[in-house]
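For reference, the structure is listed below as C-alpha cells.
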Amino acid sequence: MLYNFLRSLHFNVSCYIPDRLEEGYGFSPLSTENVIGLNPDLTVTVDCGITSKEYIKLLTDHNITVIVTDHHEPMSDKVPECYALLAATMPDSGYPFRNLCGAGVVFKLISAMCRMLDENKGEYPFDNKENIKDRYLEYLDLAALGTVSDVVPLVDENRIIVKFGLEQIRKTRNTGLKELLRVSDLENRTVDTYHVGFVLGPRLNAAGRIGSAYRALELLTSTDKEKCREIAEELNTENIKRQMLQDTIFKEADLLIKKQNDLDNDKVLVVAKEGWHHGVIGIVSSKITEKYSLPSILLAIEEDNAKGSGRSIKNFNLFQALYHADRFLERYGGHEAAAGMTLKRDHIDALREALNEYAKNTACLEDLIPTLYADTKVSLEDVTKENITDMESLKPFGEGNKQPVFVLENLEIVQLRAVGQNKNHLSLRVKQRNVYVDAIGYNMGEFYEYLEPGETVHVMCSMGINEWNGRSDPSLRLIDIKLTDERKIKELFYNHFTRHIEFERFKGYNSIKELEDKLQSAYLTVANKKLQDGELISLIEDITNINRQTLIPVFKYVKYKKPVMVNCRCTSLSEELYRLTGVSVNPIKLLICMKILYDTGVITAKIEGDCIRLEENRDQTQKVELEHSRIYRVMNKLYGSMNTA
0 MLYNFLRSLH
10 FNVSCYIPDR
20 LEEGYGFSPL
30 STENVIGLNP
40 DLTVTVDCGI
50 TSKEYIKLLT
60 DHNITVIVTD
70 HHEPMSDKVP
80 ECYALLAATM
90 PDSGYPFRNL
100 CGAGVVFKLI
110 SAMCRMLDEN
120 KGEYPFDNKE
130 NIKDRYLEYL
140 DLAALGTVSD
150 VVPLVDENRI
160 IVKFGLEQIR
170 KTRNTGLKEL
180 LRVSDLENRT
190 VDTYHVGFVL
200 GPRLNAAGRI
210 GSAYRALELL
220 TSTDKEKCRE
230 IAEELNTENI
240 KRQMLQDTIF
250 KEADLLIKKQ
260 NDLDNDKVLV
270 VAKEGWHHGV
280 IGIVSSKITE
290 KYSLPSILLA
300 IEEDNAKGSG
310 RSIKNFNLFQ
320 ALYHADRFLE
330 RYGGHEAAAG
340 MTLKRDHIDA
350 LREALNEYAK
360 NTACLEDLIP
370 TLYADTKVSL
380 EDVTKENITD
390 MESLKPFGEG
400 NKQPVFVLEN
410 LEIVQLRAVG
420 QNKNHLSLRV
430 KQRNVYVDAI
440 GYNMGEFYEY
450 LEPGETVHVM
460 CSMGINEWNG
470 RSDPSLRLID
480 IKLTDERKIK
490 ELFYNHFTRH
500 IEFERFKGYN
510 SIKELEDKLQ
520 SAYLTVANKK
530 LQDGELISLI
540 EDITNINRQT
550 LIPVFKYVKY
560 KKPVMVNCRC
570 TSLSEELYRL
580 TGVSVNPIKL
590 LICMKILYDT
600 GVITAKIEGD
610 CIRLEENRDQ
620 TQKVELEHSR
630 IYRVMNKLYG
640 SMNTA
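What the sequence shown shows, in numbering that gives the first Met the number 0, is residues 0 to 644, in sequence order.
Structure (C-alpha cells):
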C-alpha cells in the first residue's frame, strides 16, 4: 500500500523486506546494515520497529530519518527514539482503537497524508486536479487483505475496513490481486473473510515462507498482467509445497511432544528440531495449539541458535510469558496470541522450564480446557433461508465478531455418512418434528462409529446456505455433538482420557487433586458438563481401588489373549475382559493395572507401530511384590486417604 501510494506521487521509493531465514523478522544486525547500505533519506517501517531501539539508533546515527509504524506490544526499555512513532498500542498514543494490524496502521497513515496533501495543494508534485483527499480509499482492498490475514478483532475500524475492503476486492483494479483471485478460483465470485484468510492470504504468505517475499511485493505493485499471472501461478505452486512441508513438520513435532513433553503437567509446549523450515513453523504451532489446547512454541535449530514462533490460547498472554523468560532469549516480540523469538540452542530447556513455571503460577485448569460458546438455543424450524440471509447483515465474520453459533437439542439422526477422501468428515441428515435439514461436520469423522440412525443428539453449529446442483438449501455446519446416551458418553470419556497417555511413560498421580484435574478436563471436553462432586469421588474411588483380586483377572486376560495389543483406546479391551471373566474394570483402571503388572515384571511390553504388545513374562520366577510398582503405591495411598476422609 505505502509503496504504491508514494510511487503514485512520483517519489523515489524502494522497499526492503528482511529474509525470514537469513535475517528473521523485523530489524536485525544484517537487515539494519542492508538498509543503511541503501542510503535513504527517510525510512518508514511497516509492522515492525516498536522494540528495535538499538537498530533504529544505528539508522539515525547515519542521518537517516525514521518513522516507525507498528501494531505490536511495546516494551518500555526498547521503544526507539525516532522522528515519529505510529502505534495505537503505545500507552500514551491517545488513539481510540488499539487493535489495528500493521496494514491498518499504514492505511491510516496514507489516509492522514491524503488529508494533509489536500489541505496543502500546490506545495507537492502532483496534479492539483486530482482528488487526493480520497485517494486512500483505493487501498481498501489491500488493507482488508492484511487485516483479515493478521487475525485481529473485526470490530470498530477493522470491521469497517474489512466490510468495504471485501467489496473492493471483488472489483479490484490491482492487477496482481486480480491474477491471485483467478488462480485461486475466486474470479467473479463473492469473496468473504474465509477466502481471504484461508485462500488468498496463505498464497501470498507462501512467497516469504518458502521463497522470496519480494515476489508477493512485485505481484501487488506491478501493472504487467503477464508478469503478475506468472507470479500468481508460482505462488499457487509454492502454497501446495508449503502445505506438504507443514504437514511433515506437524507430524514430527507431534511425535516429539509425545516423547519429550510431560503432557500430564506441562502447560506450555516447547519443541525444537534441526532442519525445520523457519517459514512455516508458526502455522504448525497454531495446529499444535489447536490439537492440545495448550500454548506452543516451535523452534527451528540452526547450528548454535534457534528461531521460533509461538501461538497461545485464550486467557494466556504469550508475550508476557516471554517477558518473564527474557533472560534466555536473544530477541523476541509479538502480542498476547502470537510471538516470535531467537535464542541460543543451549537455552531451549531453560526456556521450556521458565514458561511452564510462569504458566503454573498464572493459569488455572479452566483456562486450559477448550470451551465452546453458543449465542442462543433454537429449533430446526428456525433454520430458514430468510433467517440465514438476515444474519449475513452481521458480516464480515472473523476474530472478535464470530459467526453466530447455535444449540439445537433433541435432533433425530435420519442418515449419517463418513465423507471426504480419508472419511474424516461427518455428513448427517437430522430431523425435528417434521423439519429435515442436512448437516456437515468437518474433521468430525470420529463420531461416525458412535452414532446411528434413530439416535437423538444435541448439536452446536452455525448456519449457512448449501448450493449444489442448482439447489439452494439451508444447512448446518457442525461444531460439536453432544450424545444423549450416557453409556456412549462414558465410552467417549474413557477414550479421550487415555488418548494421549503412552503406556511406557504413564506415571499415575501424586495426589487426588491431580487425578481430579485430569478427569474433570476430559469430562468437560467430551460431555460438555461438570462432574458432580458425588460422580467425581465415586469415579476416583473406583479407579484407585486396586488390589491382587483386581490384578489377577487382568493378568489372566493378558496371559490367554496372546498377545494383548494396546493403543490409546482401552474401551474394547475393558468390554472383552468383562465378557471373558465377568469382572468389570473401567478402561482407565485397566490401563493402570497393566502398567502395574509391567512394573512388577509380570508382563512384558513392546512398542509395535501405534500399539503396545503385552504378553506374559515367562522368565518371571520370583514372587511378585506389588509395592515395587510406584503407581500401585500411589493408587493405594489415594484410595486409603479417600476412605479415611
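C-beta: ideal position from N, C-alpha, C; glycine also.
Under the assumption that residue i contacts residue j (Cβ atoms under 8 Å), give the Cβ distance between them as a whole number of angstroms.
| i | j | result |
| --- | --- | --- |
| D46 | D18 | Not confirmed; about 16 Å, so no contact. |
| M641 | I511 | 7 Å |
| P395 | K162 | 6 Å |
| L297 | F327 | Their Cβ separation, rounded to whole angstroms, is 16 Å, which puts L297 and F327 out of contact at 8 Å. |
| V601 | N585 | Between N585 and V601 the Cβ distance is about 21 Å, and since that is not below 8 Å, they are no contact. |
| A102 | L141 | 7 Å |
| Y680 | V413 | Outside the shown range of the chain (0 to 644) lies residue 680, about which nothing can therefore be said. |
| N400 | V154 | 6 Å |
What separation, rounded to the nearest whole angstrom, lies between the Cα atoms of residue i and residue j?
| i | j | result |
| --- | --- | --- |
| P152 | G397 | 7 Å |
| R6 | N33 | 22 Å |
| V557 | T388 | 59 Å |
| K313 | A336 | 8 Å |
| E490 | T288 | 25 Å |
| R344 | D381 | 57 Å |
| G453 | G339 | 50 Å |
| K588 | I542 | 5 Å |
| L596 | M634 | 14 Å |
| L407 | I248 | 38 Å |
| S30 | G469 | 54 Å |
| M390 | S292 | 30 Å |
| E515 | S13 | 60 Å |
| T64 | L317 | 33 Å |
| M443 | V553 | 33 Å |
| E232 | N304 | 35 Å |
Return the first residue and the last residue of the beta strand (DSSP E) that residue i is part of.
| i | result |
| --- | --- |
| E408 | 405-418 |
| G440 | 434-440 |
| E273 | 268-273 |
| Y54 | Premise fails: Y54 lies in the alpha helix (DSSP H), 52-60, not in any beta strand (DSSP E). |
| L298 | 295-301 |
| S461 | 455-467 |
| Y331 | 330-333 |
| K343 | 337-343 |
By Cβ distance, which residues of its chain are closer than 7 Å to residue i, with the 5 residues on each side in sequence left out?
| i | result |
| --- | --- |
| H277 | R19, L20, A299, K306 |
| M74 | T50 |
| L165 | A143, V190, D191, P395 |
| S573 | V584, N585, P586, L589 |
| I16 | A212, Y213, L216 |
Once DSSP output is grouped into helix, strand and coil, what is the label at residue i?
| i | result |
| --- | --- |
| R612 | strand |
| M0 | coil |
| L477 | strand |
| M243 | helix |
| Y559 | helix |
| T68 | strand |
| D472 | strand |
| G645 | Outside the shown range of the chain (0 to 644) lies residue 645, about which nothing can therefore be said. |
| I49 | coil |
| A206 | helix |
| K250 | helix |
Excluding sequence positions up to five away, which residues of its chain have a Cβ less than 8 Å from the Cβ of residue i?
| i | result |
| --- | --- |
| A358 | K266, V267, P294, F315, A320 |
| Y117 | Per the sequence shown, residue 117 should be read as Asp rather than Tyr. Counting only Cβ-Cβ distances below 8 Å, and skipping sequence neighbours, we find I131, K132. |
| L234 | L179, V182, R202, L203, A205, A206, R214, A215, L218 |
| L185 | H194, V198, L199 |
| H61 | I35 |
Between residue i and the rest of its own chain, which residues show a CB-CB distance below 6 Å, the 5 nearest in sequence each way excluded?
| i | result |
| --- | --- |
| V563 | V557, L613 |
| V104 | T68, H70, L85 |
| Y26 | Correcting the residue type first, residue 26 is Phe in the shown sequence and not Tyr. Within the same chain, F26 has close Cβ partners S51, Y54. |
| G281 | S308 |
| L415 | L427, L450 |
| S474 | D437, G463, N465 |
Where does the unbroken alpha helix (DSSP H) through residue i begin, and where does it stop?
| i | result |
| --- | --- |
| V104 | 101-118 |
| S426 | From DSSP, S426 is part of no alpha helix (DSSP H) but of the beta strand (DSSP E) over 424-431. |
| T599 | Per DSSP, T599 belongs to no alpha helix (DSSP H) and is neither H nor E. |
| E289 | 280-291 |
| K359 | 347-361 |
| V43 | Where V43 is concerned, there is no enclosing alpha helix (DSSP H), although the beta strand (DSSP E) it sits in stretches over 41-45. |
| R172 | No alpha helix (DSSP H) contains R172, which DSSP labels as neither H nor E. |
| T31 | 28-36 |
| S628 | Note, S628: premise wrong, no alpha helix (DSSP H); not H, not E. |
Does any residue of chain D have a CB that is nearer than 8 Å to the CB of residue i?
| i | result |
| --- | --- |
| K343 | Here chain D cannot be found, since the structure has a single protein chain. |
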